[in-house]
Amino acid sequence: MINSQLINPNSIVVVGASNDLRKAGGKMLHNLLAGDFGGPLMAVNQREETIQGIKSYKNIKDLPDVDLAILSIPAQFCPDTIEELAKNHNTTAFIVISAGFSELNEAGKILEQRMIDVANKYQAALSGPNCIGIINQHYHGVFTTPIPQLDSKNGCDFISSSGATAVFLMEAGMQVGLRFASVYSVGNGKQICVEDYLEYLDEIYDPNTSAQTILMYLENISKPQKLLKHATSLIAKGCRIAAIKSGSTQAGSRAASSHTGAMATSDMATRALFRKAGVVYCSSRDELISVASVFSYNKLVGKNIAVITHAGGSAVMLTDTLEKGGLCVPLIEGKIADDLLDYLHSGSSVSNPIDFLATGTAEQLGIIIDFCEHKFDFIDAMVVVFGSPGLFDVENVYKVLNVKMDICKKPIFPVLPSLVNAQKEIQYFLSKGHVNFPDEVILGKALCETYFTGSPITPLNIDNTVDVEKIRSVVKSLNTKKGYLSVTDNNTIMDALAIPRAIEISATSKEEALQAAQKLCFPVVMKVVGPLHKSDVGGVVLNINSNELIVTHFAAMMEIPNAIGVIIQKQYTGLELFIGVCYEQDFGHLLLMGLGGIFVEVLGDVKVCLCPCTKEEIIYRLKNLKGYPLLQGMRGKPGVNIDTFANIILKISQLTQIMSEITEMDINPLIGVDKDIVAVDMRIKINHE
């Protein structure tokens, strides 16, 4: 529970303060003093009269009332200290930087819970334990360095599960000119977690005064629906969010009975959650810093990038990265291109990348930018790669770049890699409020990630062609509360969804099997009923085209352990497709889609959405499949109707809204031929205890 005393306290006490700046309590007090905290600042230390020039209390019982207490004392003393301060000194906010709690062992976990219970009893906010603290415009409550120069409007709000990682990110960000508005270190975060800080930033958001960028480093997502709600809200208000999610759970390696359950991982769930909210997913500190830096410039609204450089190799690496990531470095040619070439040295190239050589001047750079801004209408943004070959002072180049970045409407992203030759000039450039990208490849990846991360997704109402009452009637009539549904129930649900399915007839005797084959007409498929993974036990036979084969395979299948019958099914040929659903604890239902049959396991080429989905979201994910060309049709082989496939996937997404009891589900395969797609095999596992 975040309160005003935690964010903007009128008074602060450091319990465990010290004159030794090598100790956490000493450095914490030092940073508070250096940050010019405006209210009463107190210290507690049993052996000191004064600490760093302020009065030190030897016993917390002697303290006056205080809003915020920062604890830098052994873990075992923290619960009683919180009890005393909350009960007798009206302290309603605590930052516990002490370690030795749940991150250590079971005894520490019990101690931590006791501390949280005490804080909750007095309705006090508890940040930590095992954190570095909080930095904001009101106070510098951390025991680490560096303390960034805060910019509440143009900086980033940064929430981090890890204190050390927060320090590393601040250091890296400050080196390239990134600014910060606030830093919230979560630590173990059992009372106040990352999602709670995000909720707070959502509640106080003001487009005129709040930071427009939020960065997050998460080691776990304890409240995914809360994160989705507030990230979606913030992005809808104009904020931009990027995040790293580290660590993994056993979800990816757990034993699972369905193909979907075996493939679904916590990382899939995280990525799907971020996509749903519009959060840019980052996989490293460098990537997070680069994405945040991209956010600090005008938004990229088109895919066509002009690469402007005097360094050919860097331009090639950047161009490759942009093109592989889905952005374009389009050819520049024609009369206007020739006009630009007249202003440049002999040997220059304007075809894009625009290479104006190591001897290029500030004046030439300005001219190139003006052409891209005003004359090359198809160019949406520019990347300027300009270091120093050591031939001349590049100060004027960076001055021109500074001016152009301020006046141009198209975004300009600067890559200034000469950290030694142009160190002075880069510092000048950063002092003007700009951010530098030292590495062109990392910038290229960040541009692609930010461009292709969509806006928050809001699903529509359930399709009126879906028979909701029939689906719910299946659940109500079940004899079991968990496990796999019968073939009959599966078919009822498919029909209620209006999804075409293969014609099939059940048989428990060879006579029934022969009658079914005659009715369906050869060739047919035989499948054993009973075993879960039919193919693994020889329980699926294709291309059966005679009565003799019906009799032979029926006898063989009934010998399979747990077999209770067979299904005779009309045989379809075409491209095999896959749809799956897996319930991920707290996240909700994940929807997987891709190529089907055995290839879903061999290739693993699936894409994931977090339910409920939109059709646009589904089509976008399908287009990102490696096997998408197969869906379109290639080398004379027909593809499938993408719109039809997307509609079927959308209905499965809607099924998860109607039938929340689903834990795992496979439709594998669906057979697609031209406009028709038919579901051939389906399994649904439920749990509604």
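Residue numbers (the working numbering): 4 to 692.
We treat Cβ as the ideally placed atom computed from N, Cα and C, and that holds for glycine.
Small disclaimer: the values here were computed from a predicted structure and weren't measured.
With 16 as the cutoff for other CB atoms within 10 Å, does H348 come out buried or exposed? By one-based count along the sequence shown, residue 348 stands at place 345. H348 should be labelled exposed.
Taking the continuous beta strand (DSSP E) assigned at I15, which residues delimit it? Numbered from its first residue, the sequence shown carries residue 15 at position 12. From DSSP, the beta strand (DSSP E) with I15 extends over I15 to V18.
Coarse secondary structure for H141, derived from DSSP in three states: Within the sequence shown, numbered from 1, the residue matching residue 141 stands at position 138. In this structure, H141 counts as coil in the three-state DSSP scheme.
Do L594 and C612 have their CB atoms nearer than 7 Å? Taking the first residue of the sequence shown as 1, we reach residue 594 at position 591. Taking the first residue of the sequence shown as 1, we reach residue 612 at position 609. Contact flag set, yes.
Own chain residues within Cβ distance below 6 Å of N307, not counting five before or after: The residue you call residue 307 lines up with position 304 of the sequence shown. For N307, where only same-chain residues beyond five positions count, the Cβ hits under 6 Å are C331, P333, F381, I382 and D383.
Have a look at S317 and K412 and give me their C-alpha separation to the nearest angstrom. On the sequence shown, position 314 is the one that residue 317 refers to. On the sequence shown, position 409 is the one that residue 412 refers to. Taking the straight line joining both Cα atoms gives about 25 Å.
How about I582 and I460: do their beta carbons lie closer than 7 Å? In the sequence shown, residue 582 corresponds to position 579, counting from 1. In the sequence shown, residue 460 corresponds to position 457, counting from 1. For I582 and I460, no; Cβs fall outside 7 Å.
Beta-carbon proximity check, A505 vs I571, cutoff 7 Å: Against the sequence shown, residue 505 aligns to sequence position 502. Against the sequence shown, residue 571 aligns to sequence position 568. Not in contact: A505 and I571 (Cβ atoms no closer than 7 Å).
From this set, D345, Q657 and Q178, which residue's C-alpha is nearest Y431's C-alpha? Residue mapping note: residue 431 aligns to position 428 of the sequence shown, counting from 1. Answer by Cα proximity: Q178.
Pairs of beta-carbons, one from the region 671-683 and one from the region 466-475, closer than 8 Å: are there three or more? no
Quick one: measure Cβ to Cβ for A246 and C196, integer angstroms, because I've assumed they're closer than 8 Å. Mapped onto the sequence shown, residue 246 falls at position 243. Mapped onto the sequence shown, residue 196 falls at position 193. Actually they are not in contact, since the Cβ atoms of A246 and C196 sit about 14 Å apart, beyond 8 Å.
How about the region 198-209 and the region 135-147: do they share at least three Cβ pairs that are nearer than 8 Å? no
Beta-carbon proximity check, V403 vs A365, cutoff 7 Å: For the purposes of this step, residue 403 is taken as residue 400 along the sequence shown, with counting starting at 1. For the purposes of this step, residue 365 is taken as residue 362 along the sequence shown, with counting starting at 1. Contact flag set, yes.
Please check the pair M4 and A128, which I expect to be a contact at CB under 8 Å, by giving their CB distance rounded to whole angstroms. The count along the sequence shown starts at 1 and reaches residue 4 at position 1. The count along the sequence shown starts at 1 and reaches residue 128 at position 125. About 5 Å separates the two Cβ atoms, so the contact holds.
Given this structure, state the Cα-to-Cα distance separating G131 from T453, to the nearest angstrom. If you number the sequence shown from 1, residue 131 lands on position 128. If you number the sequence shown from 1, residue 453 lands on position 450. Going by the C-alpha atoms only, they are around 31 Å apart.
Taking C-alpha atoms, which residue in M685, A272, D23 and L230 lies nearest to Q588? Residue numbering aside, residue 588 sits at position 585 when the sequence shown is read from its first letter. Comparing Cα positions, the closest option is A272.
Can you tell me whether DSSP reads I465 as helix, strand or coil? For the purposes of this step, residue 465 is taken as residue 462 along the sequence shown, with counting starting at 1. Of the three classes helix, strand and coil, the one that applies to I465 here is coil, per DSSP.
Between the alpha carbons of A175 and L488, how many angstroms are there, rounded? Position 172 of the sequence shown, counted from the first residue, corresponds to residue 175. Position 485 of the sequence shown, counted from the first residue, corresponds to residue 488. Whole-angstrom Cα-Cα distance: 54 Å.
Backbone secondary structure at Y695 - three-state DSSP: Residue 695 is absent from the model: the chain starts at 4 and stops at 692.
Checking the sheet assignment: what are the DSSP bridge partners for V418? Here residue 418 refers to the residue found at position 415 when the sequence shown is read from its first residue. The partner list for V418 (beta bridge, DSSP) reads V388.
Sequence-distant residues of its chain with Cβ nearer than 6 Å to P564 (five each side left out): To locate residue 564, count along the sequence shown from 1; it is residue 561. Closer than 6 Å at the Cβ level, and outside the excluded window around P564, lies no residue.
Less than 7 Å between the C-beta atoms of G42 and H143, yes or no? Translated into positions along the sequence shown, residue 42 becomes position 39. Translated into positions along the sequence shown, residue 143 becomes position 140. Contact flag unset, no.
At least 3 beta-carbon pairs within less than 8 Å: the region 158-170 vs the region 213-220: With a cut-off of 8 Å, the region 213-220 and the region 158-170 count as touching, because enough Cβ pairs lie within range.
L343 and F374: beta carbons closer than 7 Å? Reading the sequence shown from its first residue, position 340 is the one you call residue 343. Reading the sequence shown from its first residue, position 371 is the one you call residue 374. Yes, the pair counts as a contact, with Cβ atoms nearer than the cut-off.
Let me know if V400 comes out buried or exposed under the rule of 16 or more other beta-carbons within 10 Å of its beta-carbon. One-based indexing of the sequence shown puts residue 400 at position 397. V400 should be labelled buried.
Less than 6 Å between C-beta atoms, sequence neighbours within five positions excluded: which residues of the same chain meet that for K112? For this step, residue 112 is matched to residue 109 along the sequence shown. For K112, where only same-chain residues beyond five positions count, the Cβ hits under 6 Å are S105.
What residue range is occupied by the uninterrupted alpha helix (DSSP H) comprising S130? For the purposes of this step, residue 130 is taken as residue 127 along the sequence shown, with counting starting at 1. Unbroken run through S130 is the beta strand (DSSP E), A128 to S130; no alpha helix (DSSP H).
Which of helix, strand or coil DSSP assigns to E51: Reading the sequence shown from its first residue, position 48 is the one you call residue 51. In the structure shown, E51 sits in coil (DSSP, three-state: anything other than H, G, I, E or B).
Which term fits H592, buried or exposed, when burial requires 16 or more other beta carbons within 10 angstroms of its beta carbon? Residue 592 sits at position 589 when you count from the first residue of the sequence shown. With 16 or more other Cβ atoms within 10 Å, it is buried.
6 Å Cβ shell around S155 - same chain, five flanking residues per side excluded: Locating residue 155 in the sequence shown gives position 152, counting from the first residue. Q140 and A184, listed in sequence order.
Are the beta-carbon atoms belonging to G447 and L325 less than 7 Å from one another? Residue 447 sits at position 444 when you count from the first residue of the sequence shown. Residue 325 sits at position 322 when you count from the first residue of the sequence shown. Cβ distance < 7 Å, so G447 and L325 count as in contact.
Give me the residue from D684, R638, G56 and D646 with the minimum Cα distance to H536. Taking the sequence shown and counting its residues from 1, one reaches residue 536 at position 533. Minimum Cα distance to H536 is reached at D684.
Tell me, which residues are paired with I689 by DSSP? By one-based count along the sequence shown, residue 689 stands at place 686. Beta-bridge pairing links I689 to G486 and I665.
Which residue wins for smallest C-alpha separation from G486, given the options I687, K193 and L237? Numbered from its first residue, the sequence shown carries residue 486 at position 483. Considering only alpha carbons, the answer is I687.
Expressed to the nearest angstrom, what Euclidean distance is found between the alpha-carbon atoms of K718 and H92? Nothing can be reported for residue 718, as the shown portion of the chain is limited to 4 through 692.
Can you list, in chain order, the residues of its chain with a C-beta nearer than 6 Å to that of V282? Leave out the 5 residues immediately preceding and following it. As a position in the sequence shown, residue 282 is number 279, starting the count at 1. So the qualifying residues of the chain are A234, I244 and A246.
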